[in-house]
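Mind the numbering: the sequence shown is residues 131 to 385 in this note's numbering, read in order.
The beta carbon of each residue, even a glycine, is placed where N, CA and C say it ideally should be.
Report on the following structure.
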Amino acid sequence: MSTFPTERTAIITGAVSERGIGRATASYLAAQGWNIGIIDLDDALCKAAAKELAAEHGVKAFGAGANVSDEGSVRAAIDAIEAELPQIVALANVAGVSSPVPYLELDAAEWDRVLNINLNGVHYTTRRVAESMVKNRIGRIVNISSVSAQRGGGTFSKTPYSVAKAGVIGLTRATARELGEYDITVNAISPGPIDTDIMGGTLSEERKDELTKDLVVNRVGSTRDIAAAIAFLISEDAGYISGQTLNVDGGLYMH
Ligand SMILES: NC(=O)c1ccc[n+]([C@@H]2O[C@H](COP(=O)([O-])OP(=O)(O)OC[C@H]3O[C@@H](n4cnc5c(N)ncnc54)[C@H](O)[C@@H]3O)[C@@H](O)[C@H]2O)c1
131 MSTFPTERTA
141 IITGAVSERG
151 IGRATASYLA
161 AQGWNIGIID
171 LDDALCKAAA
181 KELAAEHGVK
191 AFGAGANVSD
201 EGSVRAAIDA
211 IEAELPQIVA
221 LANVAGVSSP
231 VPYLELDAAE
241 WDRVLNINLN
251 GVHYTTRRVA
261 ESMVKNRIGR
271 IVNISSVSAQ
281 RGGGTFSKTP
291 YSVAKAGVIG
301 LTRATARELG
311 EYDITVNAIS
321 PGPIDTDIMG
331 GTLSEERKDE
341 LTKDLVVNRV
351 GSTRDIAAAI
361 AFLISEDAGY
371 ISGQTLNVDG
381 GLYMH
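Written out as structure tokens, the structure is:
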């Protein structure tokens, strides 16, 4: 069993939006002593978020702007993070966009936008980070899918989102298989409705009540629910879990 180095870094994509899952995850992991690499669209906001985390938690943090759908910018951002921070042990692929367009109104540009960010983006970061993890022979990767993948939409976002998030589960399983021999685990988390702004803005109380009706627990999810699951899956003790999809969805999808 490979052990973690004492000084280690987790890279989180999509970690800038104030009420988002990525930001909450960065704080949660920093509180556990992880050094943090932040990737999001705006370089200055990434750097500001990193500064805040470092000051609050006494860890090292570095932010680098990149569009995850652009492989060149992803590679440059990860090169910069790797040069600044301790060994990259974990990657959380959180960046994503919603897409409420009905199937019959869909055009090629919307399809490509959503697939490029929500699926290709996960591949580009994984591919680059895997190169470092393979050399170090240790790594943990967590990809954010969605209950939309398993239920064929049914929430705010529609077909291309569902397709991309289903692709994330396939990517997770295939990379888990290929990278396992290097002590790298790859897992997905499939969130149900989480109280962020991605579903067309901040959720009203009425909307939360509506979303809760389909669940077996009595509330919509919090960003902390997802952050805690990510923290578990990237922990040293989770090394025997790989290729799995963990549903953190209030019981919305059972199989
Ligand atoms: N909130 C939910 O109910 C829910 C449910 C299932 C899955 N998810 C997934 O969780 C992840 C986080 O979503 P959230 O709810 O925190 O939303 P959010 O909009 O708050 O966060 C998304 C983050 O990704 C960043 N981002 C968007 N496009 C990017 C790009 N091309 N390159 C780099 N960064 C980019 C945004 O700037 C933002 O910081 C997404 O992948 C989303 O699909 C969310």
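>> Quick check on the burial criterion: 16 or more other C-beta atoms within 10 angstroms. Buried or exposed for S132?
In response: As a working mapping, residue 132 is identified with position 2 in the sequence shown. Burial call: exposed.
>> Does the distance between the C-beta of L171 and the nearest non-hydrogen atom of ligand 1 fall short of 6 angstroms?
In response: Here the question's residue 171 lines up with position 41 in the sequence shown. Yes, ligand 1 has a heavy atom inside 6 angstroms of this Cβ.
> Is the stretch 320 to 340 in contact with the stretch 174 to 189, if contact means three or more CB pairs nearer than 8 angstroms?
Replying inline: no
> Should T326 be listed as close to ligand 1, given that the test is whether its C-beta is under 6 angstroms from any heavy atom?
Replying inline: Counted from its first residue, the sequence shown places residue 326 at position 196. Yes - ligand 1 has a heavy atom lying nearer than 6 angstroms to the Cβ of T326.
> Among all the DSSP beta bridges, which residues are the ones paired with R205?
Replying inline: What you label residue 205 is simply residue 75 of the sequence shown in a count that begins at 1. R205 pairs with nothing; no bridge assigned.
> Nearest CA to the CA of Q374: which residue from V198, I364, G381?
Replying inline: In the sequence shown, counting from the first residue as 1, residue 374 sits at position 244. The shortest C-alpha separation from Q374 is found at I364.
>> Between G369 and ligand 1, is there a pair consisting of the residue's CB and a ligand heavy atom that are separated by less than 6 angstroms?
In response: Numbered from 1 along the sequence shown, position 239 holds the residue referred to as residue 369. Result no, Cβ not under 6 angstroms from ligand 1.
> Rounded to a whole number of angstroms, what is the C-alpha to C-alpha distance between T305 and S372?
Replying inline: The count along the sequence shown starts at 1 and reaches residue 305 at position 175. The count along the sequence shown starts at 1 and reaches residue 372 at position 242. So the two alpha carbons sit approximately 10 angstroms from each other.
> Beta carbon of I360, beta carbon of T143: below 7 angstroms?
Replying inline: Position 230 of the sequence shown, counted from the start, is the residue given in the question as residue 360. Position 13 of the sequence shown, counted from the start, is the residue given in the question as residue 143. No, the pair does not count as a contact, with Cβ atoms beyond the cut-off.
> By Cβ distance below 7 angstroms, which residues in the same chain neighbour R307 in space, the five residues on each side in sequence not counted?
Replying inline: Mapped onto the sequence shown, residue 307 falls at position 177. Counting only Cβ-Cβ distances below 7 angstroms, and skipping sequence neighbours, we find G373.
> For V347, is the beta carbon positioned less than 6 angstroms from some heavy atom of ligand 1?
Replying inline: Position 217 of the sequence shown holds residue 347. Result no, Cβ not under 6 angstroms from ligand 1.
> If V244 and A279 are in contact, beta carbons under 8 angstroms, what's the gap, nearest whole angstrom?
Replying inline: Here residue 244 is taken as the residue at index 114 of the sequence shown, counted from 1. Here residue 279 is taken as the residue at index 149 of the sequence shown, counted from 1. No, V244 and A279 are not in contact; Cβ-Cβ is about 13 angstroms, not under 8 angstroms.
> For D170, is the classification buried or exposed, using 16 other Cβ atoms within 10 angstroms of its Cβ as the cut-off for buried?
Replying inline: In the sequence shown, residue 170 corresponds to position 40, counting from 1. Here D170 is buried. Its C-beta has 16 or more other C-beta atoms within 10 Å.
> Can you list the beta strand (DSSP E) stretches of 3 or more residues lying completely in the stretch 138 to 225, in chain order?
Replying inline: Within the stretch 138 to 225, the complete beta strand (DSSP E) runs of at least 3 residues are 139 to 143, 165 to 170, 191 to 195, 218 to 223.
>> If contacts are defined as beta-carbon pairs under 8 angstroms, then P290 and S229 qualify, I think. What distance do you get, rounded to the angstrom?
In response: For the purposes of this step, residue 290 is identified with residue 160 of the sequence shown, where counting begins at 1. For the purposes of this step, residue 229 is identified with residue 99 of the sequence shown, where counting begins at 1. That pair is a contact at about 5 angstroms.
> How big is the Cα-Cα spacing for A358 and L175?
Replying inline: Counting from one through the sequence shown, the residue named residue 358 turns up at place 228. Counting from one through the sequence shown, the residue named residue 175 turns up at place 45. In a straight line, the C-alpha of A358 is about 24 angstroms away from that of L175.
> Exposed or buried, G163, counting other C-beta atoms within 10 Å across all chains shown (16 or more means buried)?
Replying inline: Residue mapping note: residue 163 aligns to position 33 of the sequence shown, counting from 1. That one is exposed.
>> On the DSSP letters alone, give me the boundaries of the beta strand (DSSP E) that P321 sits inside.
In response: Here residue 321 refers to the residue found at position 191 when the sequence shown is read from its first residue. It spans 314 to 321 - the beta strand (DSSP E) in which P321 sits, taken as one unbroken run.
>> Looking at the strands, I want to know which residues DSSP matches up with T375.
In response: Your numbering for residue 375 matches position 245 in the sequence shown. Beta-bridge pairing links T375 to A318.
> Using a Cβ-Cβ cut-off of 6 angstroms (strictly less than) and excluding sequence neighbours within five positions of G283, which residues of its own chain qualify?
Replying inline: In the sequence shown, residue 283 corresponds to position 153, counting from 1. S292, listed in sequence order.
> Of all the alpha helix (DSSP H) runs that stay within the bounds of the stretch 227 to 297, which reach a length of 4 or more residues?
Replying inline: 238 to 245, 251 to 266, 277 to 281
> Who are the Cβ neighbours of N248 in its own chain at under 6 angstroms, not counting the five residues just before and after it?
Replying inline: The count along the sequence shown starts at 1 and reaches residue 248 at position 118. Cβ-Cβ distances below 6 angstroms link N248 to G226, A294 in the same chain, with the five nearest sequence neighbours on each side left out; the list follows chain order.
>> By alpha-carbon positions, which one of R257, R267, L345 ends up nearest to T302?
In response: Residue numbering aside, residue 302 sits at position 172 when the sequence shown is read from its first letter. T302 has its Cα closest to that of R257, out of R257, R267, L345.
> In terms of alpha-carbon separation, which member of E335, S199, A194, L341 lies closest to D242?
Replying inline: Locating residue 242 in the sequence shown gives position 112, counting from the first residue. Of the candidates E335, S199, A194, L341, the one whose C-alpha sits nearest the C-alpha of D242 is S199.
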